[in-house]
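Number of protein chains: 2
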Amino acid sequence: MRRRKIRRRATRDPSQLIKAEARQLFNCYAPIEVLGESELDLIHDGSMRILEDIGLEVLNEKALALYEQDGARVDWDSQLVYLDRERLMERLQTVPSEFTMHSRNLKRNRLVGRNAINFTPVASAPNSSDLEGGRRTGNFEDYCNFMRLTQGFDIIDFFSGYPVEPVDISPATRHLDAALAAYTLTDRSFSLYCLGGGRVNDGIEMTAIARGVDRETLKKEPSIITVVNTNSPLRVDGLMLDGLIEMAENGQPTIVTPFTLAGAMCPITLAGALAQQNAEALGVIALSQIVNPGTPMVYGGFTSNADMRSGSPAFGTPEYTKAALASGQLARRYNIPFRSSNTNASNCVDAQAAWESQMSLWGAVMGHAQIIKHAAGWLEGGLCASFEKFIIDIDMLQMMAQTLQPIEVNESTLALDAIREAGHGGHFFATSHTLANYTTAFYEPLVSDWSNFETWSEKGGLSAYERANIIYRQRLKDYEPPEIDESTKSTLEAYVAERRDELESQI
Amino acid sequence: MRRRKIRRRATRDPSQLIKAEARQLFNCYAPIEVLGESELDLIHDGSMRILEDIGLEVLNEKALALYEQDGARVDWDSQLVYLDRERLMERLQTVPSEFTMHSRNLKRNRLVGRNAINFTPVASAPNSSDLEGGRRTGNFEDYCNFMRLTQGFDIIDFFSGYPVEPVDISPATRHLDAALAAYTLTDRSFSLYCLGGGRVNDGIEMTAIARGVDRETLKKEPSIITVVNTNSPLRVDGLMLDGLIEMAENGQPTIVTPFTLAGAMCPITLAGALAQQNAEALGVIALSQIVNPGTPMVYGGFTSNADMRSGSPAFGTPEYTKAALASGQLARRYNIPFRSSNTNASNCVDAQAAWESQMSLWGAVMGHAQIIKHAAGWLEGGLCASFEKFIIDIDMLQMMAQTLQPIEVNESTLALDAIREAGHGGHFFATSHTLANYTTAFYEPLVSDWSNFETWSEKGGLSAYERANIIYRQRLKDYEPPEIDESTKSTLEAYVAERRDELESQI
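Quick mapping for you: the protein sequence lines, in order, are chains A and B. Using our numbering, the first residue of the first sequence is number 786, and each one after it goes up by one. Using our numbering, the first residue of the second sequence is number 786, and each one after it goes up by one.
Right under this line is the structure:
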């Protein structure tokens, strides 16, 4: 009750909040399709047979009851749910094909659907690293610095997790500090851990305060997102489902991402891996629609392959890229927004980190993922959030965004007059067409160094990693906090203070 | 005359030559199309207007006469050729839509056309580098080592230039040494500099010897390739055209690649850059068909952008990638095989080198380039051939090849039995399906290290650059020369010895 009172003090005055440039990235090119229609049918059929015959292990009694009430066959002893395809397909009918993620800065509202693309930073890394400090356990200072860096780059649309785990602050109240930092250091929509009802409720409350809306309004305006990972194969965690149910009751979107690592947690063949991924994702997404038909949901694809020599996960591999492209086809088949990632398994910010990231990004972008998670800063298969990799990824994301801008073809861009003016064997540096267009003609890189070898050597011969380090430090120095009205800020702080007292008294 | 006699001593015994695995890479996915039909029409129309109204400066009297005899308007004072679109389109009708590059090892014969992809190594770099030796002027030892490395990787289909310029051997006879090394250290089809008739003839003669065929047969079997770069804007070098004419007379393919660096050698807008590239490429390709209708030719696309601050070329940029995809559409419009590249402008083997390469590769592969030049080893915008980058590129090319293998979907790959066997929350490492498939299921990388951070650190914490160095040195140690029959080898050596005497006596 107290909480509701506090929230009402917050007001929304968009005029004070709007500053950043509106930008929604769209992919105007057709997706790359790696599966034919009949192959898609076979994978679909395989996943339906998995749900009908093998079943999904659901470690949550409330969820089991919901499935059962909806007509599914539930074996309460084994906690297995068997879903038949007709009912499942009917449930999926109510998943919105698109929704808007609302932010406290309305210019950051983002479409999740159609050919929109949204980039979200690295999430849930237990470690962080930079050149000077090396690799360390995740901490709140680094967490806040990733928030600050994110705020400086329009290419990042919203969050879908904590960039790095702030292990140095109390786990009981960490979610409060994390949300407060996110809502004051950035103007992006945030995310919460899908672990149990209490934390989810805090996240939703703070989001309502940050946005200056009541919870009824929030129910209609998705504003905070979460992720449910299945414990593949075919097992779903109980706490996560508590969270999912609460998110669904509040109309907030959940990304359901099976962790299908081929050869380890699913079949070693991509067809089997995709069928299992599809079964797990659709089976859990269906629950959200039983709870609250029309709740926005996202189909997460994360299928990759294990290194069969060590068992460790590999990322940005050919198999990963094909799975991302195929997952996009599956998600489109069910008309559900699709989430992919920017991954790599490198242990340092070297060429491998870049080529695996590029393989992932092309799979995600040309698979028409509407949310590309871990888009900036992910290293070591997600075990480390790297500040330098964050900057390099920003450059790669911006390059990708520019690549997706169609070529403008008209009399002016054909520039035949400039060709005449330059003359045979001449040059274009000084033509009037060049002078009129040179400031905006090309993407200007953040990290790429195009000097010749001599100049580059004289400047110190720095690698992209070293240059990214300089850029990240400078960006932190140049950080400008987003506008936030004082009452919103103090309401958020008051909420956190009160909840901290409550939670600490429970320990 | 003497030469012809020597050649006849060579015999072709394919049974002795065939050892390597046959492999032709195909791209089964649809190309990415960045231009709509009407935009393609506009660029086509722009390039036709360039050729009709602005003209092509052709610094070669023989070529001017050929154009004129064919009905083109020639201004002999300015050396400008004006080509009207009807005649030009008619000339292009005879360009084969596909051809086979023949090698002395028949298993290395490669299709250039349809959805085939061929990778050729870095070409014409003036410098070479590796970790220990640093950057140095190109030399014959490094040239031979690039030959040896190439021979060890099936992913490289043939050559389209000298990987590095062997500056330490005499320019007068360098082409003889280069060809002899290529034909004895590798079994791939080779390439020659398109500079004047004499060298071209030597290249063709040596190719006939290496293949054990006479020149009449060779005319019908493309076996050696060359590149003509235009001196953009709209100027074509005289010596290169001598070479092109001789290549065409001998039925050997030439890649025509305008060097259209937007903002420097062509308009700063991509539409204008592409229209000019198209005009230059088609104008020169037409000449080959006047000389010898049906000569195989390749449409080269190399449009990139200049760094407008320094004027230096940038590669693997968003503009570069879009231009590659658009160039593929243009080449397909005229039904001419398309050549693109794997480029980057980095000065060291770092993340930038990798992400710019990946941007190039995706543009080339999804632009359906049938020849991807500079596919392995290119650094510094082509000014350096790097041994480590060569190895990293091989890994990236092999990954791309694996990405292009369609996902097999059938009852066995869906693996529902394996899912049952693993059980809910179980693992797949020991399922019979995994055990039956684990050795071939996934691409096994050359350079990527997927160890966890601790293991990787214990192994020395090596970057991809350092690991590639170890691999390249080991590969050179493990080098196995291809089979070549003794009479072919001695005939080649005799030819080189005699021609060397002739050329040295002319100095």
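Note that the Cβ used here is the ideal one computed from N, Cα and C, for glycine as well. Note that the structure is predicted; figures quoted are calculated from it, not measured.
Taking residue i as part of the alpha helix (DSSP H), name the residues at either end of that continuous run.
i: residue 1169 of chain B; result: Careful: residue 1169 of chain B lies outside any alpha helix (DSSP H), inside the beta strand (DSSP E) at 1169-1171.
i: residue 1258 of chain A; result: 1249-1262
i: residue 1280 of chain B; result: 1271-1291
i: residue 808 of chain B; result: Premise fails: residue 808 of chain B is in no alpha helix (DSSP H) and is neither H nor E.
i: residue 860 of chain A; result: Element bounds for residue 860 of chain A: not the alpha helix (DSSP H) but the beta strand (DSSP E), 858-860.
Mind pulling the chain B residues with CB within less than 7 Å of residue i?
i: residue 1285 of chain A; result: None at all; the shortest Cβ gap to chain B is about 34 Å.
i: residue 1134 of chain A; result: 1136
i: residue 1232 of chain A; result: 1137
i: residue 935 of chain A; result: In chain order: nothing, as chain B lies at least about 20 Å away.
i: residue 947 of chain A; result: None at all; the shortest Cβ gap to chain B is about 20 Å.
i: residue 835 of chain A; result: 1201, 1204
With DSSP collapsed to three states, give me the class of residue i.
i: residue 1214 of chain A; result: coil
i: residue 1227 of chain A; result: coil
i: residue 1147 of chain A; result: helix
i: residue 901 of chain B; result: strand
i: residue 971 of chain B; result: coil
i: residue 929 of chain B; result: helix
i: residue 895 of chain A; result: strand
i: residue 889 of chain A; result: coil
i: residue 842 of chain B; result: strand
i: residue 822 of chain A; result: helix
i: residue 827 of chain A; result: helix
i: residue 1164 of chain A; result: strand
i: residue 1134 of chain B; result: coil
i: residue 1016 of chain B; result: coil
i: residue 946 of chain A; result: coil
i: residue 906 of chain A; result: coil
i: residue 1233 of chain A; result: coil
Please name the residue or residues paired with residue i in a DSSP beta bridge.
i: residue 1091 of chain B; result: B:1098
i: residue 1123 of chain A; result: A:1084
i: residue 920 of chain B; result: B:914
i: residue 1064 of chain A; result: BP columns for residue 1064 of chain A are empty, so no partner.
i: residue 1011 of chain B; result: B:1039
i: residue 976 of chain A; result: A:1010
i: residue 1238 of chain A; result: According to DSSP, residue 1238 of chain A bridges with nothing at all.
i: residue 1047 of chain A; result: A:1051, A:1090
i: residue 883 of chain B; result: B:898
i: residue 1021 of chain A; result: A:843
Give me the chain B residues within the contact set of residue i, using Cβ-Cβ distance strictly less than 9 Å, ordered along the chain.
i: residue 1051 of chain A; result: 1200, 1203, 1204, 1207, 1213
i: residue 1018 of chain A; result: 1204, 1207, 1208, 1209, 1210, 1211, 1212, 1213
i: residue 1226 of chain A; result: 1047, 1048, 1053, 1054, 1055, 1090, 1093, 1104
Start and end of the beta strand (DSSP E) containing residue i?
i: residue 954 of chain B; result: It is not in any beta strand (DSSP E) - residue 954 of chain B carries neither H nor E in the DSSP assignment.
i: residue 1158 of chain B; result: 1156-1158
i: residue 865 of chain A; result: 865-867
Could you name the residues of chain A that residue i contacts, counting a contact when the two beta carbons are closer than 7 Å?
i: residue 1222 of chain B; result: 1053, 1054
i: residue 1248 of chain B; result: 1133, 1135
i: residue 1237 of chain B; result: 1097
Residues of chain A with CB under 8 Å from residue i, in chain order?
i: residue 819 of chain B; result: 814, 1191, 1192
i: residue 1188 of chain B; result: 1103, 1106, 1107, 1144
Could you list which residues in chain A have their beta carbon closer than 9 Å to that of residue i, in chain order?
i: residue 922 of chain B; result: Neighbours of residue 922 of chain B on chain A: none; closest Cβ ~12 Å, over 9 Å.
Closer than 8 Å by beta-carbon distance: list the chain B residues that pair up with residue i, in chain order.
i: residue 828 of chain A; result: 1194, 1199
Practice task
Report yes or no: do three or more beta-carbon pairs, one from the stretch 815-824 of chain B and one from the stretch 834-852 of chain B, lie closer than 8 Å?
Solution key: no
Practice task
May I ask you to verify whether the stretch 1072-1081 of chain A touches the stretch 869-885 of chain A, counting CB pairs closer than 8 Å and requiring at least 3?
Solution key: yes
Practice task
Please determine if the stretch 963-971 of chain B and the stretch 920-930 of chain B are in contact, where contact requires at least 3 C-beta pairs separated by less than 8 Å.
Solution key: yes
Practice task
Take every Cβ of the stretch 847-854 of chain A, pair it with every Cβ of the stretch 1223-1234 of chain A, and state whether three or more of those distances are shorter than 8 Å.
Solution key: no
Practice task
Specify whether the stretch 1083-1100 of chain B and the stretch 1097-1106 of chain A touch according to this definition: at least 3 beta carbon pairs, one from each stretch, less than 8 Å apart.
Solution key: no
Handout entry: Any 3 or more C-beta pairs closer than 8 Å across the stretch 1240-1252 of chain B and the stretch 1135-1149 of chain A
Key = yes
Exercise for the section: Assess, as a yes-or-no matter, whether the stretch 1144-1159 of chain A is touched by the stretch 1264-1271 of chain A under the definition of 3 or more beta carbon pairs within less than 8 Å. Expected result: no
Practice task
Could you tell me whether the stretch 1177-1187 of chain B touches the stretch 1177-1184 of chain A, where touching means 3 or more Cβ pairs closer than 8 Å?
Solution key: no
Practice task
Report yes or no: do three or more beta-carbon pairs, one from the stretch 1049-1068 of chain A and one from the stretch 1008-1026 of chain A, lie closer than 8 Å?
Solution key: yes
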